[in-house]
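So the sequences go chain by chain: S and F.
Heads up: the first sequence runs through residues 1 to 328, numbered per our numbering.
Heads up: the second sequence runs through residues 1001 to 1312, numbered per our numbering.
The next block holds one structure in the form of structure tokens; read it before the comments.
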Amino acid sequence: MLTKKFLWTIIGNYRFSAPQISSLLGLCLVCAGLSFATRLKAGADLFLTQENILLVLRQVSFNAIMACGVSVVIITAGIDLSIASVWALASCVTAYLSVVAGWDWIWASAIGLLIGLSAGLINGCGVAFLRLPPFVATLGMMSIARGLAEVLTGGFQISGLPDAMKFWGQGEIALVPVPAIVALVVVLVTWLMLKVTRIGRYLYAIGGNEAAAHLSGVPVRGVKLFAYSFSGLLSSLAGLLSSARLGSARPSDALGYELDAIASAVIGGVSLMGGQGSVLGAAIGAVLIGVLRNGMVLLDVSAFWQKVVIGLVIIIAVALDYLIWRRR
Amino acid sequence: MLFVIFVIVALVGWGLPQKKEKKWRIALVPKALTGEYWVRCRKGAEAAARRLGVELIFVGPSAETEVDKQMDIVENLVVRGIDGLAISPCDASALVPVIEKIWRRKIPVVTVDSDAKTDKKLAYIGTDNEKAGALAGEELARLIQGKGKVLIINGVPGAHNLMERIKGFRRVMAKHPRVRLLPEQACQSDQTLALNITENALTGHPDLKGIFGVNAPGAPGAAQAVAAAGKAGQVKVVGFDAIPDTLRFCAEGVVQAIIEQRPYRMGYLSVEFLKKALEGEKIPTRVDTGVDIIRPEQARKMLLAKPSALGQ
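Okay, here's the thing in structure tokens:
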């Protein structure tokens, strides 16, 4: 069982997978490069300063949480396109209950998370029981959740979240931004779940070969339900933290952010074919994207080029993974 | 992969021009990078930067909905090191903590085009929307000779600048007792929806006299419905922002007047005033950049001058 010793064996014997190593090294190189380039350009290291690192940690934490959730789905060879819409729906529901209906923010947040969980559960039902392709089921939810957020708010923003809730997005504990701490906990918990628990092994088994997993007694439907619910829950968590940071929620929040999360997972070596990858990689991918965004502002890269660079990094990272590591 | 990433970063780092001389470094953060409006704003800021010898950083989110990305960018700019910030906040309240953080660092801030709900800024530089709305009202009242039914097509209900325009418009209309304002409609900044709304209004009120499109998609949507109903010229349309569709309808005489804001001027003045403030001069706290009225004859000239790249 989960004794301390057992845990240590797992952590001690943990070997980073090849894509993880390459993305981690890539991240280190990018950081070194940025530190070097800002020195050259501005005469001082703007990148590797305490202030900037803490800034980047806060900026990447929302995407990292969402990337964790979607990675779990991708490992089962599925995809979840609804995550960004669920983010918006959950934050609008919470803001509505807390500001308009006057609920306590804790209960409002609980309902927001429940909404995320339910949206994921519905996705899971669509995939597991109606046998819809994950792309289609979650594409539908992407539209439904966004639409519901618009219905609920009438297109308006809801502003004025209580300070106690804002703390979760804006606050710091011992200098470290609170959302970064939450993200770290989420990454570690998800990682342990995938490595240690039976459901973790089932997730990989389904992604590797669903038919074989089914034949060897893996409860495929249940595990899929779990994967999509987990993704929905984490998306709503990311949404709540982000709206806490902004102090408000809009139905247009996080428009298009599902691609950021999926890109993070893919950069970190989570295979879209399923069965491979880890959330540590996805988290590294999220940090890499955030670092690039931060670095390009520090280096005055024309804003129009920033997207091109990020796109290039996604393609190069994945292409090289395939070329170098998969061939062996 | 490592090598390629390193090369990209290094190229990016080295490829940038390195200016040795000390210039004021001013950042302009728009609501979105793309869209003709912001391109014009950027051109104005660039012109001011060239003339005044200021280093300009123009960086912003890709879409006006990306409030959090805009926040990230401003935070990153502070680390980057800037002397002044001009910002058009995507959200009037969400950006307040960041703006105040910058203010505490003694970096002068001005808001451009849209204001933020804080007094920790030097100035707001943009359209006086109530005045512009009143101007639209006067124009429409003149066109319909002060009587008849008038429809207001709002953009997004609740948007502060649009509410100001409507306030100004209603104030003028209240002076004309024979004008009847129909219940206000909202097109959610969607031109198709503006078209549908106008079609329905024309069916319900065959004697409709005037339409006011409060933001860019309103007038072209309304004009399309008016033209299709064969009522061009009979139902007067006044709108905001000379986007290509609106300009074309104006040239054809379906839209009688367009209230045009001056993003170029906003960009220019924000850089100019920030430089003045940095050099210790006092600047006004509210700067109305004013509006232009485009009428059909002028729209025709603009279309002839630049048939493809409109509105530059």
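Glycine included, each C-beta is placed from N, C-alpha and C at the ideal position.
Nothing here was measured: the structure is a model prediction, and the numbers come from that model.
C-beta atoms of S:Thr190 and S:Val72 nearer than 9 Å | Result yes, Cβ atoms of S:Thr190 and S:Val72 sit closer than 9 Å.
Does the beta-carbon of F:Gln1145 have 16 or more other beta-carbons within 10 angstroms, so that it is buried, or is it exposed?
-> That one is exposed.
Please classify S:Asp163: does DSSP put it in a helix, a strand, or coil?
-> Judged by DSSP in its simplified three-state form, S:Asp163 adopts helix.
Using a threshold of 9 Å, state whether the C-beta atoms of F:Ser1114 and F:Asn1161 are closer than that.
-> At a Cβ-Cβ threshold of 9 Å, F:Ser1114 and F:Asn1161 count as neighbours.
S:Ile262 lies in the beta strand (DSSP E); which residues open and close that run?
-> That residue, S:Ile262, is in no beta strand (DSSP E); its alpha helix (DSSP H) goes 257-267.
Assigned exposure category for F:Gln1312 - 16 Cβ within 10 Å defines buried | Since pLDDT at F:Gln1312 reaches only 40, below the 50 mark, its modelled position is unreliable, and the value read off the structure follows with that caveat. Its Cβ having fewer than 16 others within 10 Å, F:Gln1312 is exposed.
Please classify F:Ile1073: is it buried, with 16 or more other beta-carbons within 10 angstroms of its beta-carbon, or exposed?
-> The residue in question, F:Ile1073, is buried, as its Cβ has 16 or more Cβ neighbours within 10 Å.
Taking 9 Å as the cut-off, decide whether the C-beta atoms of S:Cys397 and S:Ala319 are in contact.
-> Chain S is shown only over 1 to 328; residue 397 of chain S falls outside these bounds and no answer can be derived.
Could you list which residues in chain S have their beta carbon closer than 7 Å to that of F:Ser1093, in chain order?
-> Under the 7 Å cutoff, chain S gives Ser159, Gly247, Ser248.
Residues of the stretch 1072-1103 of chain F with Cβ closer than 7 Å to any Cβ of chain S, in chain order = Taking 7 Å as the Cβ-Cβ cut-off, the stretch 1072-1103 of chain F approaches chain S at Asp1072, Ile1073, Glu1075, Asn1076, Leu1077, Val1079, Arg1080, Gly1081, Asp1091, Ser1093, Ala1094, Pro1097, given in chain order.
Kindly list, in the order they appear in chain S, the residues whose Cβ is closer than 8 Å to that of F:Gly1060.
-> Chain-order list of chain S residues neighbouring F:Gly1060: Ala303, by C-beta distance under 8 Å.
Nearest to F:Leu1143 by alpha carbon, out of F:Gly1253, F:Trp1038, F:Leu1056?
-> Of F:Gly1253, F:Trp1038, F:Leu1056, the residue nearest in Cα terms is F:Gly1253.
Report the option in S:Ala261, S:Gly124, S:Lys166, S:Ala183 whose CA atom is closest to the CA atom of S:Ser61.
-> Out of S:Ala261, S:Gly124, S:Lys166, S:Ala183, S:Ala183 has the C-alpha closest to the C-alpha of S:Ser61.
9 Å Cβ cutoff, S:Leu298 in contact with chain F | So, interface residue.
How is F:Asp1288 classed by DSSP in three states: helix, strand or coil?
-> Strand.
Assess, as a yes-or-no matter, whether the stretch 299-315 of chain S is touched by the stretch 109-120 of chain S under the definition of 3 or more beta carbon pairs within less than 8 Å.
-> The stretch 109-120 of chain S, when compared against the stretch 299-315 of chain S, does not touch it at the 8 Å Cβ threshold.
Partner residues on chain F for S:Gly311, Cβ-Cβ distance less than 8 Å | Close partners of S:Gly311 in chain F (Cβ separation under 8 Å) are lacking, with about 12 Å as the shortest Cβ gap.
May I ask which residues mark the beginning and end of the beta strand (DSSP E) holding F:Lys1147?
-> For F:Lys1147, there is no enclosing beta strand (DSSP E), as DSSP marks it with neither H nor E.
Within 10 angstroms of its Cβ, does F:Gln1234 collect 16 or more other Cβ (buried), or is it exposed?
-> Counting other Cβ atoms within 10 Å of its Cβ, F:Gln1234 stays below 16 and is therefore classed as exposed.
Exposed or buried, S:Cys92, counting other C-beta atoms within 10 Å across all chains shown (16 or more means buried)?
-> Flag for S:Cys92 reads buried.
Over the uninterrupted beta strand (DSSP E) stretch that includes F:Lys1209, give me the two end residues.
-> For F:Lys1209, the enclosing beta strand (DSSP E) covers residues 1208-1213.
Give a yes or no on whether the minimum CB-CB distance between S:Phe167 and chain F is below 9 Å.
-> Not flagged as an interface residue toward chain F: S:Phe167, since no C-beta distance is shorter than 9 Å.
With 8 Å as the C-beta to C-beta threshold (strictly closer), list the residues of the stretch 1187-1214 of chain F near chain S in chain order.
-> From the stretch 1187-1214 of chain F, only Gln1188 have a Cβ closer than 8 Å to chain S.
Chain-ordered neighbours of S:Ala42 on chain B, where CB pairs are closer than 7 Å = Here the protein chains are S and F, and chain B is not one of them.
For F:Asn1321, does the three-state DSSP call read helix, strand or coil?
-> Beyond the ends of chain F as shown, which are 1001 and 1312, falls residue 1321 of chain F; an answer cannot be given.
Which value, in whole angstroms, describes the spacing of the CA atoms of S:Leu255 and F:Val1067?
-> C-alpha separation (whole angstroms): 10 Å.
Scan the stretch 48-78 of chain S for residues whose Cβ lies nearer than 8 Å to a Cβ of chain F and list them as they occur along the chain.
-> The residues in question are Thr49, Glu51, Asn52, Leu55, Gln59, Phe62.
Below-9 Å beta-carbon distance, S:Gln20 vs any chain F residue | Not closer than 9 Å to any Cβ of chain F, the Cβ of S:Gln20 fails to qualify, so no.
Cross-chain neighbours of S:Ser231 in chain F, by beta carbon under 7 Å = Listed along the chain, the chain F residues whose CB falls inside 7 Å of the CB of S:Ser231 amount to none; the nearest CB is some 20 Å away.
Against chain S: residues of the stretch 1149-1169 of chain F by CB proximity under 8 Å = Listed by position along the chain: Val1156, Pro1157, Gly1158.
Run through DSSP, which three-state label would F:Arg1295 get?
-> Collapsing the DSSP output to three states places F:Arg1295 in coil.
Between the CA atoms of S:Ile106 and S:Met165 - distance to the nearest angstrom | Taking C-alpha positions only, S:Met165 is separated from S:Ile106 by approximately 8 Å.
Cβ-based contacts, 7 Å cut-off: residues of the stretch 1033-1049 of chain F near chain S | Taking 7 Å as the Cβ-Cβ cut-off against chain S, the residues of the stretch 1033-1049 of chain F that qualify are Leu1033.
Quick one: does F:Val1287 have its CB under 9 Å from some CB of chain S?
-> Under the Cβ distance rule, F:Val1287 does not count among the residues neighbouring chain S, no pair being separated by less than 9 Å.
Secondary structure, alpha helix (DSSP H): runs of 4+ residues fully inside the stretch 1201-1255 of chain F | Whole alpha helix (DSSP H) segments, 4+ residues: 1218-1228, 1244-1251.
Residue-chain proximity (F:Pro1065, chain S), Cβ-Cβ < 9 Å | Checking the sequence shown, residue 1065 of chain F turns out to be Thr, not Pro. For F:Thr1065, the answer is yes, since a Cβ of chain S falls inside 9 Å of its Cβ.
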